[in-house]
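Residue numbers (the numbering used here): 136 to 485.
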């Protein structure tokens, strides 16, 4: 498909610079029925049904953005994919300042050797720390890898350290937040439990590639960056039991959805999964594992807007985004969200 089909105009003032407070007070555009309804996230338990299963991403964002030098030249890197205990692929800016065999130096105790250079500004770095020691150094010297559309002088303030982390965050490894999860609070989780809605987590370590623009003219020529994910046998069994018993699988965010669809067979059965996925979902894709999706509003011409257009219907999402812009919904990572039902489910009822 032509990438231009997924373009739209978004006024700068619609981009959220900070999350709603409390988080579950964010607005939620409800497309789970034939009519578009304006709601807030706090109403989610009233819309879902007892027996439904909410699947969230429990990845934790690490401060993956580092400012350092190669000699006297200033260089900024953003880690986006782990390749070993101390080895990461990173986006470097400017990448030309880093050469294979040289050192990216953060300070006297934290540095990395440049092992390789790839296309698109990517480099492979081997740090002088690994495992828990590397995470500790990133926590000390790195900053949160906020998306480029959030305006901060140094890439994040102290508040962002908590704001850009979901309530589900447990497993270190993401360099971008699974932002639909940012809307959840303890009160909202308690209300979901009281309603009889099951909740479980899976893990997809979100990479910085999620923010990269689609630079090709046709979706067939776009290459997705791979991300590592895991679904335990117990969670896979519960997903399959839920659907067999008439419950719906509700993915919290596109990261959860992409992992679930990566693990699903043609017949819709979800299998345990522990591997990388580079699944790229565009209109025409047949969804196997997910019935509903809670997701934020995405960038024009992005792979994520393509995904939601595939899930809920291209024309329906174009109309929904036009409604959201006109009614001053807040967009992107710190913004509001939408609740979508798979188009095939709506079509089956009408």
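Glycine included, each C-beta is placed from N, C-alpha and C at the ideal position.
- Approximately 3 Å separates the beta-carbon atoms of residue 277 and residue 198; this is inside 8 Å, confirming the contact.
- In this structure residue 397 does not touch residue 419 by the C-beta definition: roughly 17 Å separates them, more than the 8 Å allowed.
- By the neighbour-count criterion, in which a residue is buried when 16 or more other Cβ atoms sit within 10 angstroms of its Cβ, residue 235 is exposed.
- Where residue 165 is concerned, the enclosing beta strand (DSSP E) starts and stops at 162-166.
- Beta bridge pairing from DSSP links residue 137 with 353.
- In the DSSP assignment, residue 427 falls within the beta strand (DSSP E) that extends over 427-431.
- Looking at the DSSP output, residue 272 sits in no beta bridge, so it has no partner there.
- Residue pairing by DSSP places residue 415 opposite no residue, since no beta bridge is assigned to it.
- A distance below 7 Å between beta-carbons, with the five flanking residues on each side excluded, links residue 331 to the following residues of its chain, in chain order: 185, 186.
- For residue 462, no alpha helix (DSSP H) segment is defined, and its DSSP state is neither H nor E.
- Annotation for residue 469: 151, 153, 154 place their beta carbon closer than 6 Å to its own, counting only its chain and skipping 5 residues before and after.
- Here residue 406 has 371, 398, 400 as same chain residues with Cβ atoms under 7 Å from its own Cβ, once five neighbours each way along the sequence are excluded.
- Distances from the CA of residue 206 to each of 181, 217, 233, 395 were compared; the closest alpha carbon is that of 233.
- Under DSSP, residue 261 takes part in a beta bridge, and its partners are 222, 248.
- Residues 359 of the same chain have their beta carbon placed closer than 6 Å to that of residue 415, with the five preceding and five following residues left out of the count.
- By a beta-carbon distance limit of 8 Å, residue 195 does not contact residue 350. Their separation comes to about 30 Å.
- Judged by DSSP in its simplified three-state form, residue 302 adopts coil rather than helix or strand.
- Taking a C-beta distance under 8 Å as the contact criterion, residue 162 and residue 170 do not qualify as a contact pair.
- Excluding the 5 residues flanking it on each side, residue 328 has same chain C-beta neighbours closer than 8 Å at 334, in chain order.
- Within a 10 Å sphere around the beta-carbon of residue 220 sit fewer than 16 other beta-carbons, which makes this residue exposed.
- For residue 444, the enclosing alpha helix (DSSP H) stretches over residues 438-447.
- Taking the Cβ atoms as the reference, residue 411 lies roughly 15 Å from residue 343, outside the contact range of under 8 Å.
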